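Since the structure comes first, as structure tokens, the remarks are kept for the end.
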């Protein structure tokens, strides 16, 4: 019923989708798998009207159609659960559920809150969420917000006549088992009048829920196969273009780390976030922290960079106990932070490549109090060469670079700041496969040069692939520690059972 | 205050629960400040908390409240409206020139009220149109309109002050209903209206939506530009009404009648707990904010504080009031 | 962000838009009123713009980090009072004292803004109340005249060098210093970074708080320098001396093309902006624009000028 | 933020029309050059036209200019000293100094640079109200022709005395002052204090500053009524704007006419209030005269009708004569000064000298 014909999309010359043809049949659950940057989210966004294709077309029951915004898409019965949430924190849950549809709940131009809340409560119950729809959305837990997103998309059901298409972009990544069960149940109920596109990193889930699976790689469909006949390893091979072998993460380059401890946590904790975390980060080691959102890993990482000063225990850098009250303190201790929010926290997009590279250590190009522009330029050009940063010049604004190159600029910034400990917060989010491999290569190289890395990754594969050591957290506690030396790496299920 | 009572937040993990309690308590801070202030002043001068004086405080707060309500809506969007004094001047001048007065023979009685309000609305609409149409920051547009508005008032007046003789208009300030001047009742009515607009109309909700995240608002198909223009128009209308009220209270129309009213108005809005970034706060916050600012001014006179010191003390008190009601956790970035 | 080649020329044009507007105004005036083009007149214009410009420079640093400083006129007045009262006693030592007072006011706003998280709009508004109160207090609430004896100390501002009013040269120094500071010092660089992306600056270990405080302090100092200019030209100080100078200063900064949201703009632009403001003002006098209409015209010109000069491509969402 | 800002209105039905015509006039840019080039340009520099006091001042200037057939220019400072001085410099440049200036400086410090600029350009100037005490016309011969002011102490005292009289010589009064740094505000307060010293039975309950603004005065008086209640027998205000603001606050409490008020400036509202028995007294400076004679004196000096350097100091720096308006003369005053433009003898240069300026 829904078809894409030769769909292509590129950002700033960088292709994200190439001639994608997919087809969604009535009452069908279509799985969509692929590496980050394979184009899954882009494809979903085009279907939902958030983005417009560069070329190619959409068809519904064979009829071409165009959607300029999610509203038009919704009118056609196409709804989406966004991966990065589309809820406003400062208004109530009910308002978010029916954002843009207030008209349906007004009498004589006035909002009828009772009706709105009743309707909202219905939608929430459908996804088994028992909260007051009048609550400020900001007051909800992340998982709860994800369920609200879901309810918002599913609420299409009574808005639109006829067949629905509901796009689920990573709906499960932050959900607990029970919630996932409920989600699956809802999907099954709705199948009689809706078809779904289901995107997830958890391949087992995809296989469990879907009828057919499309595999995307580097923006094109590389395979379509019935879920019944597929298995996880097979999917993975198709996704990464090679067997799930150690080499993807360059494990052969994973040198054993040196004995000396550069960062040490003893009974570290932040009241209400996480508690009693102990670890030792050695020179050249990659320490990965795994755990679902809300497990406390985000907070732990932010503590190590001074965003969220620890309230319990102690943190030692090179053996000396430190208190990191601000990021500046952390930087002074030789810690660098590669954030997941690259464009807001990683770079000042209006500033040039060179200016960003020296941002964390302006002293390196300072003569007295004077910035030496010549020196800044040479320094920047040197990094551009060494990290193969693709840019029209070091004075181009960083906003004009592709994600991968931006990420390299961020790394260059910390290398300029002579950081010895790098915190990689979802370092490959939104990068295409090529860029990812470069990041992996860089991580390996850095470790060889004696830097140490604390990492939280998008996927468990990545976590396992890159790490020397893996810290698994749940509800603010460390539930397991795995050694991940090449050859003897744990498998995803080992981690998951300690995560949820 | 804009706190939705949910089920006990105990369902949440500890960190979020604590943050939630903090946020909810903060939302009430301005009110606590106001109460504390009143008690403090009353200790200094027991006459403060007497009906008679509270009525006077209410009277003094009436016009600032109407103005602050207009400002609130604009600030909820995350924009700012500096044209207040200009619009107010035009409103008062029109009132004085069209109602029975000592400068010309015109006498339209209470019909001047809608005229002045409409004039204000038009200027407000101009603000909005220029802001949205040419994508000029509201700060700059309204700054220009501020100058232009005062200029226009001067032109209309040809210099000078016109005395309002229309009894119906004067009665707004002079007659009392249930011990409260009509002025106060008007302010309360406007407050109610503003509250209804904020809580019960899509327009009101869109203010929060746009203030909370213009990009997401756009994705959800919210008519952003139309909303913005509407809000500036509304603000203008409120200022126009403020002009009428000022003319009624002082019995004159005058291009300087708005002098020194803008910054107190913005201050009141912020002190009430409405964020300059937009999306947080509301008209009830502004009610509290206006009361804080008015009570402070009234109190300093009651306590007989030296004129030299008054503005300094007010400054310090304002900082204190804002400091306690600001959420240092959420507002990591303050501009 | 600017697209490499596509919008390049357009962007370049934007860079110069304010200058073009100014040039257009000057030419228009010079043509329509013979008296205007003469060097004497132009010197007068420059001399009379100096104070506004110096106020604007301080304000520019604050607006660049996305803040605003509403205390400058109170601070300038305070400093004029300090100068008027101390020059007879301390001679030249009075000027550093005045600058010190300005610095303190700036730090006061800074602490309220940074430590107490009070929006700069409110913090500086409050600071102006405090500064104004102090000015009233110390001056006994009256204008303080600097006697013949004291005036010798004012010549470095009020006098002239080779026929050029000294104040112009001082303004030029502030311009050069300002531009150097902005381009070549960490203070300038961090200011730009904070204005364009505070989160990123913070996450890069920039001491954002300190720089915000520093920006407000600089603004305070320059405001008091402006106060010194006023005191010197009028040979006296008064707690009201700088009244009504704040809004024109804000207008000057924004008309110059500095974005109220921060991150875009600079001291050079503020010079253009200040000149536009005063040329328009004086120009209306020259043209003999009806006095009743001048303010309306002024407001309109401000809006038009900004409409022509702001670079919207750098401001994603216009608030 | 308003500066000393007295107001007296002579608005008649016409003025609304005139005003709205202003825009049209504005459209016709380019100044009117129909007048003989050798004649000096007559310039009035005042705070703004938003207050009736200066509006009337402006009328006086225009009337005089018409009588001698010179180009007339009005400059306004908008309360901004820098702008005021800048505009004067600009007009000096435009006229190459062939002009006479009658200026009401925005603040006393402004007078010096203004005078110096005029002397440098060779333009004749008269200052009014505000100037530094040590700035004297005779130090700038011949161009700084004269400084005119009015004795704030004297009239402050006179209005205070009328108030005291009105309350029967005893009881409490409250006082509203103007912006503290303005000379008139200070002088008038001094006058008030003199009167109080002479009447020990009258107590000054409180003195507050309402910055010349009726709005501020209104709220302060409201608070006072709480603080002092019926102890307030009378309200003294340093100008009529504040006085009328106070009156409205009293009216709202039903006290108008019961608690007498005095102001200064003699604006129409105040005169009406005097007629109605709500004001005990006010004083008029006759801004029409100020606007006209402030030009006439330097004009005659420029055309050589008299030589300033030969005039006695009393003619160079003097107090003008104010007109005390009380119930007795209110109607007559209104007829002469408000219902019609006063017709002055522009050649009677020194007629209103009431005495030399106190060197305080």
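Residue numbers (my numbering), protein chains in the order written: chain G, 1 to 500; chain Y, 1001 to 1335; chain V, 2001 to 2319; chain P, 3001 to 3360.
No residue lacks a Cβ here, since even glycine has one placed at the ideal position from N, Cα and C.
In this text the structure is predicted, and so the values were computed from the model without any measurement.
Any C-beta of chain P under 7 Å from that of residue i
| i | result |
| --- | --- |
| residue 1205 of chain Y | no |
| residue 2136 of chain V | yes |
| residue 1304 of chain Y | yes |
| residue 2143 of chain V | yes |
| residue 2051 of chain V | yes |
Any C-beta of chain V under 7 Å from that of residue i
| i | result |
| --- | --- |
| residue 1029 of chain Y | no |
| residue 317 of chain G | no |
Under the three-state DSSP convention, the category residue i falls into
| i | result |
| --- | --- |
| residue 3194 of chain P | helix |
| residue 2298 of chain V | helix |
| residue 1319 of chain Y | helix |
| residue 1326 of chain Y | coil |
| residue 3230 of chain P | helix |
| residue 459 of chain G | coil |
Buried versus exposed, by CB contacts within 10 Å (16 or more), residue i
| i | result |
| --- | --- |
| residue 367 of chain G | exposed |
| residue 3032 of chain P | Its pLDDT being 41, under 50, residue 3032 of chain P is placed unreliably in this model, and the coordinates cannot settle the point. |
| residue 1318 of chain Y | buried |
| residue 1364 of chain Y | Outside the displayed span of chain Y (1001 to 1335) sits residue 1364 of chain Y, for which this structure offers no information. |
| residue 257 of chain G | buried |
| residue 338 of chain G | buried |
| residue 1326 of chain Y | buried |
| residue 3303 of chain P | exposed |
| residue 1061 of chain Y | buried |
| residue 1105 of chain Y | exposed |
Alpha carbon of residue i to alpha carbon of residue j, nearest angstrom
| i | j | result |
| --- | --- | --- |
| residue 2199 of chain V | residue 361 of chain G | 17 Å |
| residue 3087 of chain P | residue 2281 of chain V | 8 Å |
| residue 1272 of chain Y | residue 2305 of chain V | 35 Å |
| residue 2239 of chain V | residue 2078 of chain V | 6 Å |
| residue 2130 of chain V | residue 2063 of chain V | 22 Å |
| residue 390 of chain G | residue 103 of chain G | 49 Å |
| residue 60 of chain G | residue 147 of chain G | 28 Å |
| residue 341 of chain G | residue 2027 of chain V | 49 Å |
| residue 2 of chain G | residue 57 of chain G | 11 Å |
| residue 3284 of chain P | residue 3150 of chain P | 10 Å |
Short CB-CB distance (under 7 Å) between residue i and chain G
| i | result |
| --- | --- |
| residue 2004 of chain V | Because residue 2004 of chain V carries a pLDDT of 40, less than 50, the predicted location of this residue cannot be relied on, and the following value inherits that uncertainty. Yes, residue 2004 of chain V counts as interfacial toward chain G. |
| residue 1079 of chain Y | no |
| residue 1202 of chain Y | yes |
| residue 1287 of chain Y | no |
| residue 2153 of chain V | no |
Chain Y within 7 Å of residue i, Cβ atoms only
| i | result |
| --- | --- |
| residue 111 of chain G | yes |
| residue 2001 of chain V | For residue 2001 of chain V, the predicted structure reports a pLDDT of 37, less than 50, and the residue's modelled location is therefore unreliable. A value from the coordinates is still provided. Judged by the 7 Å Cβ criterion, residue 2001 of chain V is not in contact with chain Y. |
Item to check | the region 49-70 of chain G: positions lying closer than 8 Å to chain Y by Cβ | outcome: The region 49-70 of chain G vs chain Y, Cβ under 8 Å: 50, 69, 70.
Item to check | Interface positions of the region 2090-2124 of chain V facing chain G (Cβ-Cβ less than 8 Å), listed along the chain | outcome: Going along the region 2090-2124 of chain V in chain order, one finds no residue with a Cβ nearer than 8 Å to chain G.
Item to check | Interfacial residues, the region 2020-2041 of chain V to chain G, with Cβ spacing under 8 Å | outcome: For the region 2020-2041 of chain V, no residue has a beta-carbon sitting nearer than 8 Å to a beta-carbon of chain G.
Item to check | Interface residues of the region 80-109 of chain G facing chain Y [CB-CB below 7 Å] | outcome: Cβ contacts with chain Y: 86, 88, 89, 90, 91, 92, 95, 99, 100, 102, 103, 106, 109.
Item to check | chain P contacts from the region 2217-2238 of chain V (Cβ-Cβ distance under 9 Å) | outcome: Result list: 2230, 2231, 2233, 2234, 2235, 2236, 2237, 2238.
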